[in-house]
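So the structure is just underneath, and the comments pick up after that.
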Amino acid sequence: MTEMIDIKPVVADYDSMIKPDKVHSDLYSNADIYEDELDKIFNNTWVWVGHESEVPDVGSYKTAMIGRHSVIVSRDRKKNIHVLLNRCRHRAATVCEGKRGKTKSFMCPYHGWGYSLDGALRAVPKPEEYEGVFDKSEYPLVSLRFETYQGLIFATFKEDLEPLEDFLGGAKKWIDLFVKQGGGYPLKVLGDHRFRFPGNWKIQLENTTDAYHFPIVHKSFVSSVDDQTAEVFDFLDGEGHVEDLGNGHSVMVMIPELVDLDKDLEAPIPERFQELADELAAEGHSDLEVRRMVRAVGGSGFNLNLFPNVACSMAFFRVLAPISVNETEIHHVAIGGEGAPSAFNQMRLRLHEHFQGPMGFGTPDDAEAWERVQKGSHAGTGEWILLNRGQENLTTSPDGNISGAVCSETGMRAAYQQWKKMMTA
Amino acid sequence: MTDLNLLNQVRAFIDTEADMLDFEQYAEWLDLWTPEGTYVVPIDPKETDFSNTLNYAYDKEEMRKLRVARLESGEAVSTQTTDKTVRQMGRFRILDESDTHVDVRCSMYLSECRHGNLKTYPADITYKLLKADGEFRIEEKVIRLQNSNSYLSSIGYIL
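Quick mapping for you: the protein sequence lines, in order, are chains A and B.
Going by our numbering, 266 is the number at position 266 of the first sequence; the sequence numbering is gapless.
Quick note: to get our numbering, add 1000 to the position in the second sequence (first position is 1).
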């Protein structure tokens, strides 16, 4: 079972660390591998930086991380979006420290260089000292290539990378389904929970496609909901599945009847949403509108895991940012409907608070398990992390993809194959 | 002039509440609330419209009971690895008083110990207390953690 692998700084023998059925524990704990990941993965692919609704207006901005790089997503006066490196072109100070908000410009706090919303350098103090040295047009904030799909914004450092839609490939169909949960309204970010756990980022990446832990880790959550809802979350023996979508992406369908939120609108309204349905009807919404909102309010019945840093996870975006080899920051981004009735968005907020975030009934127990994975993974001199559940029980999905049972580790195997591909490229 | 008698009554009530939470007397804690009471831990400390924004916690009576049940059930692994909390309430100030209510602001220093790591959560807390038969009942408690706008770690207890 155990075998020593000679890890040399930065360049390790990644081929030998990723087997079809297991990965080496050093992937969680070796700082050189971590630095190599930031270069070879995060500097080298499409990384999620936000949703268009987070920068709705002229002057809106948000900050995000691409591996070790702080970036700003902004909307300029012509309503165009930009993804800018958050460092002054002069002496590198960050020019924006807020999470999100509105501004007229970005100002370096050190020497007062001022940049417009599109990153152009507009003003420098003592400009006469730069006469003949440079022209301001040569020093805008560094602008990154970005593309969007269904409002999701991805950016990359790599100019010759394949188009985003090619990278998303088989995942696009699932994003299309996911954005239906606005209940007839465009998707809108409502806020986010941010927390850190002392563990490697890939532990979180794996978790989004891990149905196996749910009844164990989330027993206290299931105990806190009504019997009908508990039955919905009792999906391990159900008809769900996990599908390898290529490029490291995967989808885990836990609740097949909630895959397409436009379908089955005539289904009975769940008991826990009856009060919401009554309230929406009393506000004058048609029966069809009420049913569409009620069906969408709890989110989609699947987790779509997008390599390397975001998941469309049932009812929210789950974003990960590596902080160090053994620390990761997670954002649980709550979403609702733009212009939707406040009762609908309030219910979505309350459902999010119930499970997610550092005080939710679910997240703290996940974080406890992840912390213990990191701690335990240091034990031993050459142990492995098993990823072999369900590997002998695979089928081909209607879309032609490898598919396993809902509790299989098919999604994790997909992610690690992409990891290996990128780390050995 | 500050009404020192009222201030002392308020302090005694809030210190008792803190003691109940540190010593896990949750049933008694639930009895301190009015049925309509709201327990809130906002993300943005400047936020005032709690029902229309995302909070770390926004508990009406039912969710408070569920939160307590979760802590007492032993089913949640994260609640089993945190030693008891120690909190110090201070800097009390009466913000407003009417025939029926008292609004109070105070500070809290709470320390937790999880997996042997001591961590501190300072917070500003505001209470809206209902005067009821010579006693107080909590109508609203808003806990504004000093680092709420940044990132937190798991909180496996009641603030």
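All residues carry an ideal CB built from backbone N, CA and C; glycine is no exception.
Assigned exposure category for residue i - 16 Cβ within 10 Å defines buried
| i | result |
| --- | --- |
| D1096(B) | exposed |
| L380(A) | Note on identity: in this sequence residue 380(A) is Gly, with Leu being the wrong assignment. Looking at its Cβ environment, which holds fewer than 16 other Cβ atoms inside 10 Å, G380(A) is exposed. |
| Q1088(B) | exposed |
| L288(A) | exposed |
| R77(A) | exposed |
| F197(A) | buried |
| K188(A) | buried |
| F134(A) | exposed |
| D1003(B) | exposed |
| P56(A) | exposed |
| S224(A) | buried |
| S286(A) | exposed |
| M252(A) | buried |
| I216(A) | exposed |
| K1141(B) | buried |
| T1100(B) | exposed |
| M426(A) | Summary: the structure shown does not reach residue 426(A), with chain A confined to residues 1 through 425, and so no result is reported for it. |
| M1001(B) | exposed |
| W370(A) | buried |
| G1156(B) | buried |
For residue i, the first and last residue of its enclosing beta strand (DSSP E)
| i | result |
| --- | --- |
| V1010(B) | Counting along the chain, V1010(B) falls outside any beta strand (DSSP E), though it belongs to the alpha helix (DSSP H) covering L1004 to D1022. |
| L85(A) | I81 to L85 |
| D1103(B) | H1101 to R1114 |
| Q1088(B) | V1086 to E1097 |
| H249(A) | H249 to V253 |
| A123(A) | L121 to A123 |
| W384(A) | W384 to L386 |
| A405(A) | I402 to A405 |
| V435(A) | Since the first and last residues shown for chain A are 1 and 425, residue 435(A) lies out of range. |
| I216(A) | Per DSSP, I216(A) belongs to no beta strand (DSSP E); it is in the alpha helix (DSSP H), F214 to V217. |
heavy atom of the ligand MN below 7 Å from residue i C-beta
| i | result |
| --- | --- |
| T396(A) | Annotation note on the ligand MN: not contained in the displayed structure, which lists no ligands. |
Expected contact under 8 Å - CB spacing of residue i and residue j to nearest Å
| i | j | result |
| --- | --- | --- |
| V259(A) | L177(A) | 6 Å |
| N305(A) | S250(A) | 5 Å |
| S1078(B) | E368(A) | 4 Å |
| T1082(B) | R1114(B) | 5 Å |
| Y1039(B) | D1059(B) | 4 Å |
| R295(A) | L261(A) | 5 Å |
| A340(A) | G183(A) | 6 Å |
| I153(A) | G284(A) | The Cβ separation is near 35 Å, so there is no contact. |
| F195(A) | S1153(B) | 6 Å |
Residue i (DSSP reduced to helix, strand or coil)
| i | result |
| --- | --- |
| I175(A) | helix |
| A282(A) | helix |
| A367(A) | helix |
| D32(A) | helix |
| K136(A) | helix |
| W113(A) | coil |
| A277(A) | helix |
| N309(A) | coil |
| F233(A) | coil |
| K1060(B) | coil |
| V491(A) | The question about residue 491(A) has no answer here: the residues shown for chain A are numbered 1 through 425. |
| Y130(A) | helix |
| S70(A) | strand |
| V373(A) | helix |
| K158(A) | coil |
| F221(A) | helix |
The alpha helix (DSSP H) enclosing residue i, as first and last residue numbers
| i | result |
| --- | --- |
| V290(A) | D287 to V297 |
| M423(A) | T410 to M423 |
| N207(A) | W201 to N207 |
| S16(A) | Y14 to M17 |
| R350(A) | S342 to F355 |
| D166(A) | L164 to L168 |
| T1079(B) | V1077 to Q1080 |
| P198(A) | Element bounds for P198(A): n/a, residue is neither H nor E. |
| Y1151(B) | Note, Y1151(B): premise wrong, no alpha helix (DSSP H); not H, not E. |
| F42(A) | Looking at the DSSP string, F42(A) is not in any alpha helix (DSSP H), and its letter there is neither H nor E. |
| L258(A) | Segment: none, L258(A) is in no alpha helix (DSSP H) and carries neither H nor E. |
| L1030(B) | Y1026 to L1030 |
>> Closer than 7 Å between beta carbons: that is the criterion. Which residues of the stretch 1030 to 1055 of chain B meet it against chain A?
In response: V1041, I1043, S1051, N1052, T1053, L1054 and N1055
>> Using a Cβ-Cβ cutoff of 8 Å, what residues of the stretch 1112 to 1130 of chain B are near chain A? List them in chain order.
In response: H1115
> Listed from N- to C-terminal order along the chain, which residues in the stretch 63 to 84 of chain A have their beta-carbon within a distance smaller than 9 Å of any beta-carbon of chain B?
Replying inline: none
>> Tell me which residues of the stretch 1074 to 1100 of chain B have at least one Cβ-Cβ distance to chain A shorter than 9 Å, keeping chain order.
In response: G1074, E1075, A1076, V1077, S1078, T1079, Q1080 and T1081
> Using a beta-carbon distance cut-off of less than 8 Å, what residues from the stretch 319 to 347 of chain A approach chain B?
Replying inline: E329, A334, S342, N345 and Q346
>> Can you pull out the residues from the stretch 167 to 194 of chain A whose beta carbon lies closer than 9 Å to at least one beta carbon of chain B?
In response: L190, G191, D192, H193 and R194
> Given a limit of 8 Å on CB to CB distance, which residues of the stretch 1137 to 1156 of chain B reach chain A?
Replying inline: N1149, S1150, Y1151, L1152, S1153, S1154, I1155 and G1156
>> Beta carbons nearer than 8 Å to chain B: which residues of the stretch 248 to 281 of chain A have them?
In response: So nothing in the stretch comes that close.
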